[in-house]
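Number of protein chains: 2
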Amino acid sequence: MGEQERWQAAERLALVLTEGGLQRMSARALAVFLFTDADTVTMGDIADRLGVSAGSVSGAVKALLTVGLIERLPAPGSRREHYRLRDDAWPTLFSTQNTVVHVMLQAAKTGIATTTSGDPAHARLTRMHDFYEFLLGELPGLLRRWEEQRSSR
Amino acid sequence: MGEQERWQAAERLALVLTEGGLQRMSARALAVFLFTDADTVTMGDIADRLGVSAGSVSGAVKALLTVGLIERLPAPGSRREHYRLRDDAWPTLFSTQNTVVHVMLQAAKTGIATTTSGDPAHARLTRMHDFYEFLLGELPGLLRRWEEQRSSR
DNA sequence: CCGTGATTTCAGAAATTTCTGAAGATTGCA
DNA sequence: TGCAATCTTCAGAAATTTCTGAAATCACGG
Numbered sequence: 060m061g062e063q064e065r066w067q068a069a070e071r072l073a074l075v076l077t078e079g080g081l082q083r084m085s086a087r088a089l090a091v092f093l094f095t096d097a098d099t100v101t102m103g104d105i106a107d108r109l110g111v112s113a114g115s116v117s118g119a120v121k122a123l124l125t126v127g128l129i130e131r132l133p134a135p136g137s138r139r140e141h142y143r144l145r146d147d148a149w150p151t152l153f154s155t156q157n158t159v160v161h162v163m164l165q166a167a168k169t170g171i172a173t174t175t176s177g178d179p180a181h182a183r184l185t186r187m188h189d190f191y192e193f194l195l196g197e198l199p200g201l202l203r204r205w206e207e208q209r210s211s212r
Numbered sequence: 060m061g062e063q064e065r066w067q068a069a070e071r072l073a074l075v076l077t078e079g080g081l082q083r084m085s086a087r088a089l090a091v092f093l094f095t096d097a098d099t100v101t102m103g104d105i106a107d108r109l110g111v112s113a114g115s116v117s118g119a120v121k122a123l124l125t126v127g128l129i130e131r132l133p134a135p136g137s138r139r140e141h142y143r144l145r146d147d148a149w150p151t152l153f154s155t156q157n158t159v160v161h162v163m164l165q166a167a168k169t170g171i172a173t174t175t176s177g178d179p180a181h182a183r184l185t186r187m188h189d190f191y192e193f194l195l196g197e198l199p200g201l202l203r204r205w206e207e208q209r210s211s212r
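Each protein sequence line maps, in turn, to chains A and P.
If you're matching positions, the first sequence starts at 60 in the numbering used here and goes up one per residue.
If you're matching positions, the second sequence starts at 60 in the numbering used here and goes up one per residue.
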């Protein structure tokens, strides 16, 4: 397996992550965190690997920190900051994306308040409301099952 | 509840749907399907409601049909085509968005094939693989529970 | 507290996405 | 078949997003 294929796979993953809601540069940076052989990486490493400006990397790393996908390591007296993928990155990403569920539910509630019972719109909005409420109720159990399965190995 | 508030709520929902992956115009059109008081709408209705060109509406409706969120009604000898929101629109939208899960899993597998056991990258990719495999396994049960709950009311 | 290299910021450039408008195709009806 | 209204398509315009490059800021080591 050459380096060639590895970084091709990394770039492909970055495209998928973009579909999933991440910004392009954040997605590419995340792919580096995932595919690198080093335990930790610096902003310079990422810039070199991707061939992009330091400014872009700064923004991307900041975004990944904000959503909790990577972490800054206690720097042992080094001038460069070191970062790495967090252990719980994927459940975190999943939960972040599920913020949309909350907002959809709220949108349905707001919409229902603008209609009166019996309207076709009222029925449609209620149906939407019920689905997202169901979904929201399922998420905690789902994440709990993942934790259980993971700890039992 | 005035029309004013209703369509404000509709536009707000459209923004959320955009976050969720829909194109802007598709999202706005879907909001019309959801909030309208009529049982069905035509492309002209949507264009008037949103104040956009017929061309934009054509593209948006086509996209919504493709992903199965709306349906074309058997036109009773009318010149205009009539459309409406499908009953299972929300589970359908949810499933569509979960296509990403399949692709993430595949990306992890591809990545693993470019590493050797023991590499830090191998470990990270395996962890990613396991999470998305778990997630994929949970989805059918989740949708089944929704159907059960819905039919029992 | 300097000097040096790393990081942040941000205005403008570049790239991409999205919408329009008009021409062409389609379809129901007389 | 011919008319009229609707729908589709697509090239270019407009709007938005994203990236760069360079200057400002920051922080460690001396």
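Built from N, CA and C at the ideal position, the CB exists for glycine as well.
What are the residues that DSSP puts in a beta bridge with residue i?
{"i": "Val100 (chain A)", "result": "A:Tyr142"}
{"i": "Arg131 (chain P)", "result": "P:Tyr142"}
Below 8 Å on the Cβ atoms is my contact criterion, and I expect residue i with residue j to pass it. Report the Cβ-Cβ distance as a whole number of Å.
{"i": "Leu89 (chain A)", "j": "Leu81 (chain A)", "result": "7 Å"}
{"i": "Met163 (chain A)", "j": "Val159 (chain P)", "result": "Wrong, their Cβ atoms sit about 17 Å apart, outside the cutoff."}
{"i": "Leu72 (chain P)", "j": "Ala166 (chain A)", "result": "4 Å"}
{"i": "Ala106 (chain A)", "j": "Val116 (chain A)", "result": "5 Å"}
{"i": "Thr77 (chain A)", "j": "Ala69 (chain A)", "result": "About 13 Å separates the two Cβ atoms, so there is no contact after all."}
{"i": "Gln156 (chain P)", "j": "Phe193 (chain A)", "result": "With 8 Å as the limit, Gln156 (chain P) and Phe193 (chain A) do not qualify as a contact, their Cβ atoms being about 16 Å apart."}
{"i": "Leu195 (chain A)", "j": "His141 (chain A)", "result": "About 37 Å separates the two Cβ atoms, so there is no contact after all."}
{"i": "Leu213 (chain P)", "j": "Ile171 (chain P)", "result": "As displayed, chain P neither begins before 60 nor continues past 212, which places residue 213 (chain P) out of reach and without an answer."}
{"i": "Thr95 (chain P)", "j": "Ala180 (chain A)", "result": "6 Å"}
{"i": "Met84 (chain P)", "j": "Gly118 (chain P)", "result": "7 Å"}
{"i": "Pro150 (chain A)", "j": "Trp205 (chain A)", "result": "6 Å"}
Kindly indicate if chain P contains any beta-carbon less than 8 Å away from that of residue i.
{"i": "Val126 (chain A)", "result": "no"}
{"i": "Ala166 (chain A)", "result": "yes"}
{"i": "Glu130 (chain A)", "result": "no"}
{"i": "Val162 (chain A)", "result": "yes"}
{"i": "Val75 (chain A)", "result": "yes"}
{"i": "Arg71 (chain A)", "result": "yes"}
{"i": "Gly177 (chain A)", "result": "no"}
{"i": "Thr155 (chain A)", "result": "no"}
How about residue i: is its C-beta nearer than 8 Å to some C-beta of chain A?
{"i": "Ala68 (chain P)", "result": "yes"}
{"i": "Glu207 (chain P)", "result": "no"}
{"i": "Asp104 (chain P)", "result": "no"}
{"i": "Leu144 (chain P)", "result": "yes"}
{"i": "Pro150 (chain P)", "result": "yes"}
{"i": "Leu201 (chain P)", "result": "yes"}
{"i": "Val159 (chain P)", "result": "yes"}
{"i": "Glu140 (chain P)", "result": "no"}
{"i": "Arg65 (chain P)", "result": "yes"}
Inter-stretch contact at 8 Å, needing at least 3 Cβ pairs: the segment 200 to 208 of chain A / the segment 106 to 114 of chain P
Between the segment 200 to 208 of chain A and the segment 106 to 114 of chain P, the count of C-beta pairs closer than 8 Å stays below three; the two stretches do not touch.
Looking at chain A, which residues of the segment 180 to 195 of chain P have a Cβ within less than 8 Å of any of its Cβ atoms? Hits within the stretch, in order: Ala180, Arg183, Leu184, Arg186, Met187, Asp189, Phe190, Tyr191, Phe193, Leu194.
Cβ contact check for the segment 122 to 141 of chain A and the segment 183 to 195 of chain A: 3 or more pairs under 8 Å:
No contact exists between the segment 122 to 141 of chain A and the segment 183 to 195 of chain A.
For the pair the segment 97 to 108 of chain A and the segment 168 to 175 of chain A, tell me if three or more CB-CB distances fall below 8 Å. The answer is no - the segment 168 to 175 of chain A does not touch the segment 97 to 108 of chain A, with fewer than three Cβ pairs under 8 Å.
Inset, instruction - Could you name the residues of the segment 94 to 119 of chain P whose beta carbon sits closer than 8 Å to any beta carbon of chain A, in the order they occur along the chain? - result: For the segment 94 to 119 of chain P, the set of residues with a beta-carbon nearer than 8 Å to any beta-carbon of chain A comprises Phe94, Thr95, Asp96, Ala97, Asp98, in chain order.
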